[in-house]
Amino acid sequence: MKKTISGTSMWKWLTFLFAISTFVFLIMTVTLWVTRDTKIVLSDVPVCGRHRQTTHHGVKIKANSSLQQLTRHEMSVVLDYLYQKPDLNLEQIKDASIHKSFVHTIELKTPRKADVLRFLNGEPPPKREAKVFIFRGDANPPYIGEYVVGPLPNVSYVRLENTTSRVTKVPYIYRPFSSFEFMAIYRYVIAAVGRDAHQVLLESYNATPTKCGDHCLRFSMTPISSAFLKRGERKAWFWFAYDVEFFTLHPLDFQFLVDMTDANPRNWKIEDIWYSNQLFPSMKDFLSNYTCGAINKTRLSFPGENERYKSSLQFRQNSSMLEDDVRPPLLFDQDGPRYTVGDNIISYMAWGMEFKVSPTRGLELFNVRFDKETIVYEMSLQEVAVMYSGYSPTAKLFNYADSAGLFGTRSRGLLPGVDCPAHAKFVDVVLYSANEGGMRSYQNALCVFEQNDNIPLRRHRAYGRIGAFYGGVGTHSLVVRSILSVINYDYIIDYIFYQNGAIETKVSLTGYLGTSFYYPPELKFGAHLGKNLNAGMHLHLFNFKVDLDVRGTENRFETLDIEMINETDPWYGHYHVQNQYTKSVSVTELDAVYKFNFSSPKYLLMSNNRSTTGEGLPRSYQIKATGISRVLLPDDYGFTKSISWSKYQLSFFLLPFNYFDEDQSMRSPDSVRVDPKDERRPTDGATVTRYHRRDSSSCVPFFPFPDDDLSKNSTVLFT
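Residue 153 is where the sequence shown starts when you use my numbering, and the numbers rise one by one after that.
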């Protein structure tokens, strides 16, 4: 009996195990079938927007040849013509040096606005000319010349630009630093310091600037504003840092002043030395005091792996972040882009504009139109000024005009998926700059994309008892972006165009801090970030050129000045305090100069008094002031005299003000309207109306991330 029971039990267990295994097998089979079926279905799903990529979107405007930047052929024609002029005595790029003559930059000479407007109205085009900056280091006296070469394509003349608006023959001591000057600095300055102070640098920092292996010093420099020098002088302070990622976070307390007045670098002189918080009048005096042990000495070790890691952009492992491999959200054009970029034209919805890239100024926008009506004739960045405070000789004089680095050549290698959305349209440009070896292509110099700000541009929800409706539209805008990498700073410059006719100019800063070696007196000028590291307080000031055309060129600048009034209430007789505005019209350009004052708020308007609304109000665009920094230094002191524009603070947002008869976003196809099916019973269901195509079809986003391409060729990023 026991054997029978035991056998029965065994068969029950076998049956149970068989059932379990069958069930598991069934699940695996179904899973494989579902997975296989899903793959089959997904293979039939189209890539988002692939079928519409060749469609033109936005307002259609004609290409304006008068504003297209120079082609490779045109720049070659200009160069060939200039090299044939014996009076210019030009050297080829490969043979150029700072005390010789060479072509610094070539770009389109932007024609006069009046000539362009006449051309757009059907008259002959303006002459096409090139603007050429030539360094005349071998002239007597040497100078920088701004030349005009033309007409293109059949060049027949070259002459100095003749204008009363600026000096076009500039003394050589005011030249921007070029790659040839840096070559001379390495050869005649750094080599001399590395030779004479070799033992000092090795003992003090365990590194040298030359013949250094993997323990190297990198130099940086602070050009001294001519306002601090005697007439005719050119000088700069230099300082060393450890050559690791990133060197501006590893400054050292070895600084030296160089007289660079002479055009020939063989005649440059090393003057003062600042070391270990002590100033010496010459290298000889410094070395003498150092050798005899009469001064304080610095003793530092070359940064170890941990210290270098902290100052790098290497990824940090952090368990507090997402542990799962979950990717971030991405933006994509599900039906393809709603904008078009071609030749020198960008079109988007009701917007249209032309653009070019200057090696000196970078991205420039022209003829910015809304519904074919010009709003802005020209908009571009002109200058970035950086002003530091500090204690050491270099930290006190950290004052830079960043355009010297040539903005157009600083914007390149934008990385899809980080610098711009992966689906953005990237634009390559061809520029001529001696600093970059002459004529070359700059890949991914700027990008254009549409973004969703995920905030309503306008919306309203009315409760059931007061009408029961919902109307709104999301904020979708077009972004035209360039990113300028200037040594340690990266400036993200965005021009943003909204569907309501507004234009935003936005600057975002990233990159690395400019720093100095820490000594206690530095503390009041900045932040003590590390044992030997101090980040000085500083300002970044941006100068934009914006030429507004409100319904034509005959505009005026006026302000609505808001003020508090205390008056007798006409209805009840007691006093009442409130705000009112008075209109003030500027008669001259000097009257229109504006200094921001928080105690006197104003509406700043560019208006056309000949184009009015039905109520008689002039159609206008408001210049909305945002993000303002005030310069506290005296107007006539030092570097501030070189950037007089910084006194007039007006970071801007351009907004329609009585310009349109209604908010232009009312006709946006992105609008949504929700109405109750029965107004008497608004909670019993509603009808949603969308004004763009909506269907249930699916598509697979295509993100052309550059990883595979970069693994084969990283030229786009690092040249």
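Where a beta carbon is used, it is the ideal one built from N, C-alpha and C, also for glycine.
In whole angstroms, what is the alpha-carbon distance linking G704 and D523? 14 Å
Of the residues T262, C599, M539, the one placed nearest L693, counting alpha carbons only: Of T262, C599, M539, the smallest CA-CA separation from L693 is found for M539.
Closest by C-alpha distance to L439, when choosing among H726, A291, V352: V352
So which of A547, N587, V570, G569 has the shortest CA-CA distance to A556? N587
Let's see if you can read the secondary structure: which residues bound the alpha helix (DSSP H) around K864? 859-864
When D580, H367, E516, I645 are compared against K261, the one with the closest alpha-carbon: E516
Residue ranges of each alpha helix (DSSP H) run of no fewer than 4 residues wholly in the region 328-375, ordered along the chain? 331-336, 343-348, 350-357
Residues near R562 in its chain [Cβ-Cβ closer than 7 Å; skip 5 each side]: L636, S637, V638
What are the start and end residues of the beta strand (DSSP E) that includes F550? First-last for F550: undefined, no H or E at that position.
Verify whether the separation of the beta carbon atoms of V632 and D822 is less than 8 Å. no
Helix, strand or coil: how does DSSP classify W797 here? Residue placement at W797 is poorly supported in this model, since its pLDDT is 48, which falls under 50; the coordinates are not used for a value here.
Is the separation between the beta-carbon of M361 and that of H402 shorter than 8 Å? Checking the displayed sequence, the identity of residue 361 turns out to be Pro instead of Met. Their beta carbons are not under 8 Å apart, which means P361 does not touch H402 by this criterion.
How many angstroms separate the CA atom of K462 from the CA atom of A553? When rounded, the distance between both Cα atoms is 30 Å.
Helix, strand or coil: which one does DSSP assign to H225? Helix at H225.
Counterpart residues of G623 in DSSP-defined beta bridges: H612, R825
How many angstroms separate the CA atom of A344 from the CA atom of T667? The alpha-carbon atoms of A344 and T667 are separated by roughly 25 Å.
Got a sec? Which residues, its chain only, sit under 6 Å from T765 by beta carbon, not counting five neighbours each side? Taken in chain order, the residues that qualify are N810.
Would you kindly check if the distance between the Cβ of T711 and the Cβ of S736 is under 8 Å? yes
Excluding five sequence neighbours on each side, which residues of the same chain lie with their C-beta closer than 6 Å to the C-beta of T734? Excluding sequence neighbours, T734 sits near D713.
Residues near S217 in its chain [Cβ-Cβ closer than 8 Å; skip 5 each side]: Excluding positions up to five away in sequence, the list reads P277, R280.
Shortest alpha-carbon distance to K387 belongs to which of E333, G365, Y491? Cα-wise, what sits closest to K387 is E333.
What first and last residue would you give for the beta strand (DSSP E) that runs through V582? 577-585
Answer with buried or exposed for S759, where buried requires no fewer than 16 other C-beta atoms within 10 angstroms of its C-beta. buried
Contact check, D580 vs S593 under 8 Å by CB: the rounded distance? 6 Å
Is L681 helix, strand or coil by DSSP? In the structure shown, L681 sits in a strand (DSSP, three-state: E or B).
Identity of the residue in N707, N640, I286 nearest E741 by Cα: N707
Opening and closing residue of the beta strand (DSSP E) in which S736 lies: Taken as a continuous stretch (DSSP letters only), the beta strand (DSSP E) holding S736 covers 727-737.
With DSSP as the reference, label I245 as helix, strand or coil. I245 falls in the helix class under three-state DSSP.
When you compare the region 308-318 with the region 288-295, are there three or more beta-carbon pairs, one atom per stretch, that lie closer than 8 Å? no
Kindly provide the ranges of any alpha helix (DSSP H) runs that are 4 or more residues long and lie completely inside the region 241-305, ordered along the chain. Runs of the alpha helix (DSSP H) inside the region 241-305: 265-272.
Look up A537 in the DSSP assignment and say whether it is helix, strand or coil. strand
Taking the continuous alpha helix (DSSP H) assigned at E457, which residues delimit it? 457-462
Among all the DSSP beta bridges, which residues are the ones paired with T841? BP columns for T841 point to R825.
Contacting residues, own chain, Cβ-Cβ under 8 Å from L431 (five flanking each side not counted): D424, I425, P545
Cross-strand partners of G766 (DSSP beta bridge): Beta-bridge partners assigned by DSSP to G766: none are found.
Whole angstroms is fine: what's the gap from N273's alpha carbon to E226's? 26 Å
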